[in-house]
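Shown next, in structure tokens, is the structure this report addresses.
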Amino acid sequence: MYQFCPHCGASLPPVNDAFCSECRNALDEYPADPLPPRSEDVRRSAKISGIVGTEGLSLEELLAEIESGGRFVVYQYCVSVFFMTYLCSSKVHFVRSAGANLVKRLGYSIVSLLVGWWGFPFGFIYTPMVVFKNLFGGKDVTEKTMTDLLWRMGRKERQARSRQRRGWS
-13 MYQFCPHCGA SLPPVNDAFC SECRNALDEY PADPLPPRSE DVRRSAKISG IVGTEGLSLE
47 ELLAEIESGG RFVVYQYCVS VFFMTYLCSS KVHFVRSAGA NLVKRLGYSI VSLLVGWWGF
107 PFGFIYTPMV VFKNLFGGKD VTEKTMTDLL WRMGRKERQA RSRQRRGWS
């Protein structure tokens, strides 16, 4: 059985299914003419990575936004329960060059102001620190996120070349 779907290139689970879960084509049929990757597959890749705000963007559009001032940020929030204080981070958010994301920044800061300061002694330390950091744009993780994203894209290209060498697509 295939490790990758011969029709769309999606990785397959170790279960012996008769159809691909992505493209719904039969796995026992080899495609006569392999298709190039669809543009929605490229657009879906940024969404799959779990980054909030990249839905519908291709890699080229994402790179253009970053060059014009867009960035990846993480917002922090603080939650305290008695003597335990948890310093947590949100998912990675993509902030476009024109967008300020004020609502998201304020949301995480309000959570910290409501439930963050209750812990002793770190609630009093972490809460102002988190609110200050969020109000000034969050923690910038653009460099690390782009490194991870480009590494994943390169891995997909290497897998596609490997499939071509094996005659799968």
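When we follow the working numbering, the leftmost residue of the sequence shown carries the number -13, and every step to the right adds one. Just so you know, even glycine gets a beta-carbon here, dropped at the ideal spot from N, CA and C.
- The closest CA to that of K90, considering only G123, E129, G36, is found on G123.
- In this structure, the straight-line span from the alpha carbon of Y72 to that of K125 is close to 17 Å.
- Annotation: W103 to S75 spans about 17 Å, alpha carbon to alpha carbon.
- By the CB criterion at 7 Å, F80 and I37 fall inside the cutoff.
- The DSSP-derived three-state label of L45 is helix.
- Closest by C-alpha distance to S54, out of T128, G39, S83, L121, is S83.
- When DSSP states are grouped into helix, strand and coil, V117 belongs to the helix group.
- Around L45, the same chain offers no residue with a beta carbon nearer than 6 Å, after the five sequence neighbours per side are excluded.
- By alpha-carbon distance to L48, the top candidate from V65, L135, I96, K77 is L135.
- The C-alpha of E51 is placed about 23 Å away from the C-alpha of R141.
- In the three-state DSSP reduction, T133 falls in the helix class (H, G or I).
- Taking a C-beta distance under 7 Å as the contact criterion, S98 and C64 qualify as a contact pair.
- Pairing V117 with Q62 gives a Cβ-Cβ distance that is not under 7 Å.
- When C6, F5, R57, T40 are compared, the shortest CA-CA separation from K130 is found for R57.
- Boundaries of the beta strand (DSSP E) around V60: 57 to 60.
- Under DSSP, the beta-bridge partners assigned to V81 are R57.
- The three-state reading of DSSP puts T40 in coil, since its state is none of H, G, I, E or B.
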